[in-house]
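All residue numbers in the sequence shown are consecutive under our numbering, ending with 148. All C-beta atoms, glycine included, are put in the ideal place defined by N, C-alpha and C. Following: one structure in structure tokens, then a few remarks.
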Amino acid sequence: MVGGEAALEIRVLAKHGLGVREIAREVGVSRNTVRRYLREPEAGRYRGRPPQPGKLAAFEGYVVARVASAVPEQLTASVLLRELRERGYVGGYTILKDFLQRLRPVLVPEPVVRFETAPGEQMQVDWAS
């Protein structure tokens with residue numbers, strides 16, 4: 020496969036009337052490559068594969084329902100993994116854990132209210148040490 024510039028150069032040289040052999044010599048590729056790029060306008064462009072379903076895809080409905088039924092409690096990924104393995108799941112712990120992380124709401128901590136007094140008005144002692 021040649022780069023985008025070479026593919027463009029092949030098409031430009033062909034429009035200028037050069038033959039396949041001359042274009043191949045000029046660009047430095049085989050005659051068959053030149054023919055393929057002239058015959059197929061999309062030749063050489065990467066066509067990505069369609070996305071494949073993951074190992075967890077067949078069990079996502081069960082996981083969503085199970086997490087929803089456990090509210091307000093939270094099921095751990097290891098408990099769900101054990102349940103899914105009994106149902107035939109062959110994927111790993113990390114895949115399940117990442118999926119659960121997307122399902123669970125992000126907990127936003129409450130803002131800390133500053134406690135301020137005038138100098139010398141109040142004394143505080145830390146008994147922890």
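Asked                                                                                            : Found
First and last residue of the uninterrupted alpha helix (DSSP H) at Asp117                       : 112-122
Cutoff 6 Å; reference Thr95; Cβ partners in own chain excluding five residues on either side     : none
Distance, Pro70 Cα to Val98 Cα                                                                   : 29 Å
Element boundaries [alpha helix (DSSP H), containing Lys34]                                      : 23-34
CB of Leu119 within 8 Å of CB of Val86, strictly                                                 : yes
Beta carbon of Ile29 nearer than 8 Å to that of Lys74                                            : no
Per-residue burial, Tyr108 [other beta carbons within 10 Å of its own, 16 or more giving buried] : buried
Beta carbon of Val39 nearer than 8 Å to that of Arg54                                            : yes
Status (buried if at least 16 other CB within 10 Å, exposed otherwise) for Leu126                : exposed
Limits of the unbroken alpha helix (DSSP H) element including Ala43                              : 39-46
Rounded separation between Ala76 and Glu102 - CA only                                            : 15 Å
Nearest-angstrom Cβ-Cβ length linking Phe78 and Arg106, presumed shorter than 8 Å                : 7 Å
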